[in-house]
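Asks:
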Amino acid sequence: MLVIGAGPAGLAAARAAASHGVNVVLVDLQANPGGQIWRHDVRKSAPAAARLAVAEMRARSNLHWLPQAQVVATAPGRVLIEEAGLVREIEYGALVLATGARELLLPFPGWTLPGVSGAGALQALTKQGWPIAGKRVLLAGSGPLLLASAATLRRHGAQVLAICEQAPDAALMAFASQLWRWPGKLLQAAALRTRLAGVAYRRASWVRAAHGDERVREVEIESARGIERIACDQVAVGYGLVPNTELAAQLGCALELDGRHPRVRVDERLMTSVDGVYAAGEACGIGGVDVARVEGAMAGHAAAGADDAARALHPRRRHARAFADLLPRYFDLRDDVRKLAEPTTLVCRCEDVALAQLQGYSDARAAKLATRCGMGSCQGRICGTALTELGLLVPATRAHAARPPVFPTRLASLAAAGSYLDRSCSERTFLTESKGSV
Ligand SMILES: Cc1cc2nc3c(=O)[nH]c(=O)nc-3n(C[C@H](O)[C@H](O)[C@H](O)COP(=O)(O)OP(=O)(O)OC[C@H]3O[C@@H](n4cnc5c(N)ncnc54)[C@H](O)[C@@H]3O)c2cc1C
1 MLVIGAGPAG LAAARAAASH GVNVVLVDLQ ANPGGQIWRH DVRKSAPAAA
51 RLAVAEMRAR SNLHWLPQAQ VVATAPGRVL IEEAGLVREI EYGALVLATG
101 ARELLLPFPG WTLPGVSGAG ALQALTKQGW PIAGKRVLLA GSGPLLLASA
151 ATLRRHGAQV LAICEQAPDA ALMAFASQLW RWPGKLLQAA ALRTRLAGVA
201 YRRASWVRAA HGDERVREVE IESARGIERI ACDQVAVGYG LVPNTELAAQ
251 LGCALELDGR HPRVRVDERL MTSVDGVYAA GEACGIGGVD VARVEGAMAG
301 HAAAGADDAA RALHPRRRHA RAFADLLPRY FDLRDDVRKL AEPTTLVCRC
351 EDVALAQLQG YSDARAAKLA TRCGMGSCQG RICGTALTEL GLLVPATRAH
401 AARPPVFPTR LASLAAAGSY LDRSCSERTF LTESKGSV
């Protein structure tokens, strides 16, 4: 069995499947297991739950961990992986997609200035040693990730100026009033509040523009009080998360809309519409770490044929998903943040494509062919997602909407990935430097 993604969902899936004696290969493009929330922090040891999950993974002789292995293409029964400069193919009997989510970034004037980044992105960079100590950082956007990110930055010595949350006060109060049903979340919120004591949490406010010369010097904040300029060294903006569905789409798994963005459709055993392919965690809809862990375990059990063990976890899943359902309701994005980009604002940062150039294209392929939007190193992950949120692109939910490779790859991988384009191909004559089977 193959598990793609070693975040909380993938780790739980691999462990659950291995507990039934199945041989499991767990791959992740990162050097360390843990995914986004348990990303290796150079200054702080991982939380107990993460240490336990990783220790259990390493203790199992039938669970093989492949770090820095990037899955670039998938086809029924096989995946193509780039690992340590090699192209490798792995064949699988069952597959669990635990590919997580990415940040939703929305363009605004000045967002391409050095010093402006995603909120989760700055958190990730900081954990990996990016020098943030002493820097004046303003965070903005929406959702609980802003608080988690701010707490990490502060722990690493940043001067957090403020957190600007676009949601209105009433929505935030209503959200907080529900938290008693999830005591773990309540504790987490209280802990974050303590760690962020003294940091202004500005409700109903958002970044309008960033200003600077060679890098950001000032940020413009809008709220009911009007427009205010704040001097800063770094601006970190994130409007929540969006599921990573490219591999699932490539495999032909049905996707469905979760708000404006696609997620992988699964049944109650976490199986996708493709037989033997399961999905868990953020890929099936943004839900947070509790959802990821329980769904990972369910998918692992189900993929190993232990349906009873998977079914026993249903109540936990339902409870965790009920919390996840609150997030879009209370952190719903206001239209103001979708209207910030000006005609000259670059939307595709990789290929320098401005908003005005994209008017009139609602199909990603047509926009790509005419403007090169989405053809750079992010492969449309940032601009495509932003344009979908802005309502300018129709979200691609059809099966096989994503073509290989899913990441920019070496030429050898591209040559090999070619055969993954032809789904009717039964002959396996493509280039591989090594081959394994699980
Ligand atoms: C930038 C960022 C920061 C976050 N920080 C926090 C936080 O501080 N606190 C919090 O509560 N939540 C945070 N979250 C939310 C967090 O992602 C979830 O709560 C939880 O980690 C989801 O678990 P998961 O296993 O579903 O996905 P993830 O943890 O995202 O794990 C998915 C894994 O799949 C791997 N992967 C994806 N595609 C491929 C591929 N093609 N080949 C190989 N590997 C692949 C990725 O490298 C990743 O390790 C963050 C999310 C993001 C995007």
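Sequence positions in the sequence shown follow the UniProt record's numbering and run 1 to 438.
Positions of the beta carbon are idealized from the N, C-alpha and C atoms, including for glycine.
1) Could you check which residue in Gly-77, Ala-148 and Ser-61 has the C-alpha nearest to that of Glu-89?
2) With a threshold of 8 angstroms between beta-carbons, can Gln-178 be considered close to chain D, or not?
3) Should Pro-343 go down as buried or exposed, given a rule of 16 or more other Cβ atoms within 10 Å for buried?
4) In chain order, which alpha helix (DSSP H) runs of at least 4 residues are fully inside the region 314-374?
5) Is the beta carbon of Val-235 closer than 8 angstroms to that of Val-207?
6) Sorted by chain position, which residues of the same chain lie with C-beta nearer than 7 angstroms to Thr-245's C-beta, five sequence neighbours on each side aside?
7) Out of curiosity, what's the CA-to-CA distance linking Ala-13 and Leu-113?
8) Looking at C-alpha atoms only, which residue of Leu-105, His-156 and Gly-34 is the closest neighbour of Gly-129?
9) Does ligand 1 have even one heavy atom less than 7 angstroms from the beta-carbon of Arg-15?
10) Relative to ligand 1, is the shortest distance from any of its heavy atoms to the C-beta of Val-27 smaller than 7 angstroms?
11) So, for Ala-121: in the same chain, excluding its five sequence neighbours on each side, which residues have a beta-carbon less than 7 angstroms away from its beta-carbon?
12) Are three or more beta carbon pairs between the region 91-105 and the region 295-303 nearer than 8 angstroms?
13) Restricting to Cα atoms, I'd like to know which of Thr-126, Ala-209, Ala-6 and Gln-250 is closest to Pro-404.
14) Would Val-160 pass as a contact of Leu-139 if the rule is Cβ separation under 8 angstroms?
15) Enumerate, from N- to C-terminal direction, the unbroken alpha helix (DSSP H) stretches of 4 or more residues contained entirely within the region 170-250.
16) Using CA coordinates, which residue listed in Ala-69, Ala-73 and Tyr-92 is at the minimum distance from Leu-86?
17) Taking the Cβ atom as the reference point for each residue, do Leu-146 and Ile-163 lie within a distance shorter than 8 angstroms?
18) Taking the C-alpha atoms as reference points, what is the distance between Ser-19 and Ala-209?
19) Which term fits Ile-227, buried or exposed, when burial requires 16 or more other beta carbons within 10 angstroms of its beta carbon?
20) Taking all protein chains shown into account, do 16 or more other C-beta atoms lie within 10 angstroms of the C-beta of Thr-194, making it buried, or fewer, making it exposed?
21) Roughly how many angstroms lie between the CA atoms of Glu-351 and Leu-358, to the nearest whole one?
22) Check whether the region 406-414 and the region 375-391 are in contact - that is, three or more C-beta pairs closer than 8 angstroms.
23) In this structure, how does DSSP classify Tyr-92 when only helix, strand and coil are distinguished?
24) In whole angstroms, what separates the C-alpha of Leu-392 from that of Leu-326?
25) Give every residue of the same chain whose Cβ lies closer than 7 angstroms to the Cβ of Thr-152, excluding the five residues on either side of it in the sequence, and list them in chain order.
26) So what does DSSP say about Thr-272, is it helix, strand or coil?
27) Please say whether Thr-272 and Ala-280 have beta carbons closer to each other than 8 angstroms?
28) Would the region 165-173 count as touching the region 55-68 if we require 3 or more Cβ pairs under 8 angstroms?
29) Can you give me the Cβ contacts of Arg-349 inside the same chain, cut-off strictly under 6 angstroms, excluding the 5 residues immediately before and after it?
30) Is Glu-103 near ligand 1, going by C-beta to nearest heavy atom under 7 angstroms?
Replies: Judging by the given coordinates:
1) In the sequence shown, residue 89 corresponds to position 89, counting from 1. The candidate whose alpha carbon is nearest that of Glu-89 is Gly-77.
2) Checking the listed chains, one finds no chain D in this structure; it contains a single protein chain.
3) The residue you call residue 343 lines up with position 343 of the sequence shown. Per the 10 Å Cβ criterion, exposed.
4) 314-330, 355-358 and 364-371
5) The residue labelled residue 207 in the question sits at position 207 within the sequence shown. The residue labelled residue 235 in the question sits at position 235 within the sequence shown. Cβ distance < 8 angstroms, so Val-207 and Val-235 count as in contact.
6) Your numbering for residue 245 matches position 245 in the sequence shown. Counting only Cβ-Cβ distances below 7 angstroms, and skipping sequence neighbours, we find Leu-255, Pro-262, Arg-263, Val-264 and Ala-283.
7) As a first step, residue 13 must be located in the sequence shown, where it is residue number 13. As a first step, residue 113 must be located in the sequence shown, where it is residue number 113. Using only the alpha carbons, I get a separation of about 40 angstroms.
8) One-based indexing of the sequence shown puts residue 129 at position 129. Among Leu-105, His-156 and Gly-34, the Cα nearest to that of Gly-129 is on His-156.
9) Within the sequence shown, residue 15 is the residue found at index 15, counting from 1. Outside the cutoff, so no.
10) The residue given as residue 27 occupies position 27 in the sequence shown. For ligand 1, at least one heavy atom lies less than 7 angstroms from the Cβ of Val-27.
11) Indexing the sequence shown from 1 puts residue 121 at position 121. Only Glu-103 meet the Cβ criterion.
12) yes
13) Sequence index remark: in the sequence shown, residue 404 carries index 404 (1-based). Selected option, being the one with the closest Cα: Gln-250.
14) Here the question's residue 160 lines up with position 160 in the sequence shown. Here the question's residue 139 lines up with position 139 in the sequence shown. Yes. Within cutoff.
15) 183-195
16) On the sequence shown, residue 86 is found 86 positions in, with the first residue counted as 1. The candidate whose alpha carbon is nearest that of Leu-86 is Ala-69.
17) In the sequence shown, residue 146 corresponds to position 146, counting from 1. In the sequence shown, residue 163 corresponds to position 163, counting from 1. The answer is yes: Cβ separation under 8 angstroms.
18) Looking up residue 19 in the sequence shown gives position 19. Looking up residue 209 in the sequence shown gives position 209. Each residue's Cα considered, the two are about 52 angstroms apart.
19) Start at 1 with the first residue of the sequence shown, and residue 227 comes out as number 227. So Ile-227 counts as exposed.
20) Numbered from 1 along the sequence shown, position 194 holds the residue referred to as residue 194. That one is exposed.
21) As a first step, residue 351 must be located in the sequence shown, where it is residue number 351. As a first step, residue 358 must be located in the sequence shown, where it is residue number 358. So the alpha carbons of these two residues sit roughly 12 angstroms apart.
22) yes
23) Position 92 of the sequence shown holds residue 92. Note: Tyr-92 maps to coil in three-state DSSP.
24) On the sequence shown, position 392 is the one that residue 392 refers to. On the sequence shown, position 326 is the one that residue 326 refers to. Cα to Cα, Leu-392 sits roughly 26 angstroms from Leu-326.
25) Within the sequence shown, the letter at position 152 stands for residue 152. The answer, listed in chain order, is Gln-123, Thr-126 and Lys-127.
26) In the sequence shown, counting from the first residue as 1, residue 272 sits at position 272. In this structure, Thr-272 counts as coil in the three-state DSSP scheme.
27) Numbered from its first residue, the sequence shown carries residue 280 at position 280. Numbered from its first residue, the sequence shown carries residue 272 at position 272. No, they are not a contact pair.
28) no
29) Taking the sequence shown and counting its residues from 1, the one referred to as residue 349 is at position 349. Closer than 6 angstroms at Cβ, skipping near neighbours: Thr-112.
30) Translated into positions along the sequence shown, residue 103 becomes position 103. Yes, since a heavy atom of ligand 1 falls inside the 7 angstroms radius drawn around the Cβ of Glu-103.
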